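Student: Structure incoming, see below.
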Amino acid sequence: MNKHCEVIRDLLPLYADDVCSETSRELIEKHIQECPECSAMLEKLRSHEIETDLREEREQVMEYQAKRFRRRSAAVGSVVSGLFMIPVLVCLIVNLASGSPLGWFFIVLAGLAVAASLVIVPLMMPENKLFWTFCAFTVSLLLLLAVTCFYSHGNWFFLAGSAVLFGLSVLFLPFVVRAKPVRGMIGNFSRPLLIIAVDVILFANMMNMISLHSKSFLTTGLVLAGCIAGGWLLYSAIREKKEGETK
């Protein structure tokens, strides 16, 4: 490759972008007619620019569609929220008109909050929909139990709430720890160990509530001790397996 080709190749990007002077343009066009190597390099530059333009256009289209979907989801969520308010208002008006206590109104409101957590939250959240839906469902379900227990003059909320938390943890905690917000909080901490620890703590809490409710402290203590021992053995097995893999 001679020096003339080197000069032309330095000018080829400007020529491909159509920003060079007329004199340089004429010089380049005359040269590429005689030099197949420089002509091939020009074609490569143009094909690369076309691919870049197509990639940028595709990203713009995807971003536009994502924004459009989020706007539609927010609009649908707002409409559904309005529909959920209709039975709340009807129940409130009936309670006030009949002079009855507002107990049923708050129970209906809490029940609709549970339904809204499964319908409205996925529509309104832009990302991590399943994680925030699970969080909203758990909180609203505990709220429904608390409101129902309060207006029925019961003393079973902590018993039912502890059982609900333990059941949800066993079923969904392995998926929750994989959510992006949780991954950022736990960092490099062992996820199996975290799951076992949370399940054991929630189970211990549930057994404690059962013992307080039924006053069977001995049986509850024995079951709790066995579960803690089982959790520790499981953790030890996982740790030994990891140590064996590292060796």
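156 is the number that numbering that gives the first Met the number 0 gives to position 157 of the sequence shown; each next residue is one higher, with no gaps.
Beta carbons: idealized from backbone N, C-alpha and C, even for Gly.
As the structure is a computational prediction, the values presented were derived from the model and not from experiment.
Between which two residues does the alpha helix (DSSP H) carrying arginine 190 extend?
Tutor: Position 191 of the sequence shown, counted from the first residue, corresponds to residue 190. Here the alpha helix (DSSP H) through arginine 190 covers 190-213.
Student: For serine 139, which three-state DSSP category applies?
Tutor: Mapped onto the sequence shown, residue 139 falls at position 140. If DSSP states are grouped into helix, strand and coil, serine 139 belongs with the helices.
Student: Judging by CA-CA distance, which residue of Leu111, Gln32 and Arg190 is the nearest neighbour of glycine 81?
Tutor: Position 82 of the sequence shown holds residue 81. Nearest C-alpha to glycine 81: Leu111.
Student: So, alanine 178 versus phenylalanine 130, is the Cβ gap smaller than 8 Å?
Tutor: Against the sequence shown, residue 178 aligns to sequence position 179. Against the sequence shown, residue 130 aligns to sequence position 131. The answer is yes: Cβ separation under 8 Å.
Student: Quick one: what does DSSP say glutamate 126 is sitting in, helix, strand or coil?
Tutor: Here the question's residue 126 lines up with position 127 in the sequence shown. If DSSP states are grouped into helix, strand and coil, glutamate 126 belongs with coil.
Student: For leucine 117 and leucine 221, what's the separation of their Cα atoms in angstroms?
Tutor: Here residue 117 is taken as the residue at index 118 of the sequence shown, counted from 1. Here residue 221 is taken as the residue at index 222 of the sequence shown, counted from 1. Going by the C-alpha atoms only, they are around 38 Å apart.
Student: Thinking C-alpha only, which one of Pro180, Ala228 and Leu144 is nearest valine 163?
Tutor: For this step, residue 163 is matched to residue 164 along the sequence shown. Checking every option, the nearest Cα to that of valine 163 belongs to Leu144.
Student: Return helix, strand or coil for cysteine 34, following the three-state DSSP convention.
Tutor: Here residue 34 refers to the residue found at position 35 of the sequence shown. Three-state result, cysteine 34: coil.
Student: Specify the secondary structure class of aspartate 164 as computed by DSSP and reduced to three states.
Tutor: Counting from 1 along the sequence shown, the entry for residue 164 is found at position 165. It is worth fixing the name first, because residue 164 is leucine in this sequence and not aspartate. Three-state DSSP puts leucine 164 in a helix.
Student: Pick helix, strand or coil for serine 151, following the three-state DSSP scheme.
Tutor: Numbered from 1 along the sequence shown, position 152 holds the residue referred to as residue 151. In the structure shown, serine 151 sits in coil (DSSP, three-state: anything other than H, G, I, E or B).
Student: Using DSSP with H/G/I as helix, E/B as strand and the rest coil, what is leucine 101?
Tutor: The count along the sequence shown starts at 1 and reaches residue 101 at position 102. Leucine 101: coil per DSSP, three-state reduction.
Student: With DSSP collapsed to three states, give me the class of arginine 177.
Tutor: As a position in the sequence shown, residue 177 is number 178, starting the count at 1. Arginine 177 falls in the coil class under three-state DSSP.
Student: So what's glycine 186 in DSSP terms, helix, strand or just coil?
Tutor: Translated into the one-based positions of the sequence shown, residue 186 becomes position 187. Glycine 186: coil per DSSP, three-state reduction.
Student: Can you say whether isoleucine 209 is buried or exposed, counting buried as having 16 or more other CB atoms within 10 angstroms of its CB?
Tutor: Mapped onto the sequence shown, residue 209 falls at position 210. Result: buried.
Student: Could you tell me the distance, in whole angstroms, from the CA atom of leucine 193 to the CA atom of cysteine 134?
Tutor: As a first step, residue 193 must be located in the sequence shown, where it is residue number 194. As a first step, residue 134 must be located in the sequence shown, where it is residue number 135. The straight-line gap from Cα to Cα measures roughly 18 Å.
Student: Identify which residue in Met84, Ser38 and Ile119 has its Cα closest to the Cα of phenylalanine 104.
Tutor: As a position in the sequence shown, residue 104 is number 105, starting the count at 1. With distances taken between Cα atoms, phenylalanine 104 lies closest to Met84.
Student: Would you mind working out which of Ser161, Leu170, Val93 and Ile195 sits nearest alanine 228, comparing C-alpha positions?
Tutor: For the purposes of this step, residue 228 is identified with residue 229 of the sequence shown, where counting begins at 1. When only C-alpha atoms are compared, the closest one is Ile195.
Student: Return the CA-CA distance between proline 125 and glutamine 32, expressed in angstroms with no decimal places.
Tutor: On the sequence shown, position 126 is the one that residue 125 refers to. On the sequence shown, position 33 is the one that residue 32 refers to. Approximately 54 Å between the Cα atoms of the pair.
Student: Is the beta carbon of leucine 201 less than 8 Å from the beta carbon of phenylalanine 165?
Tutor: Taking the sequence shown and counting its residues from 1, the one referred to as residue 201 is at position 202. Taking the sequence shown and counting its residues from 1, the one referred to as residue 165 is at position 166. For leucine 201 and phenylalanine 165, yes; Cβs fall inside 8 Å.
Student: Quick one: Cα of arginine 24 to Cα of serine 38, how far?
Tutor: Start at 1 with the first residue of the sequence shown, and residue 24 comes out as number 25. Start at 1 with the first residue of the sequence shown, and residue 38 comes out as number 39. Looking at the two C-alpha atoms, the distance is approximately 14 Å.
Student: Where does leucine 140 land, buried or exposed, given buried means 16+ other C-beta within 10 angstroms?
Tutor: Residue mapping note: residue 140 aligns to position 141 of the sequence shown, counting from 1. So leucine 140 counts as buried.
Student: What number of angstroms, rounded off, separates the C-alpha of isoleucine 185 from the C-alpha of lysine 128?
Tutor: Residue numbering aside, residue 185 sits at position 186 when the sequence shown is read from its first letter. Residue numbering aside, residue 128 sits at position 129 when the sequence shown is read from its first letter. Rounded to the nearest angstrom, the two C-alpha atoms are 20 Å apart.
Student: Below 7 Å CB to CB, which residues in the same chain sit around serine 168 once its five sequence neighbours on both sides are set aside?
Tutor: In the sequence shown, counting from the first residue as 1, residue 168 sits at position 169. Only Val197, Asp198 and Leu201 meet the Cβ criterion.
Student: Can you tell me the Cα-Cα spacing of arginine 190 and proline 121, whole angstroms?
Tutor: By 1-based counting over the sequence shown, the position of residue 190 is 191. By 1-based counting over the sequence shown, the position of residue 121 is 122. The straight-line gap from Cα to Cα measures roughly 26 Å.
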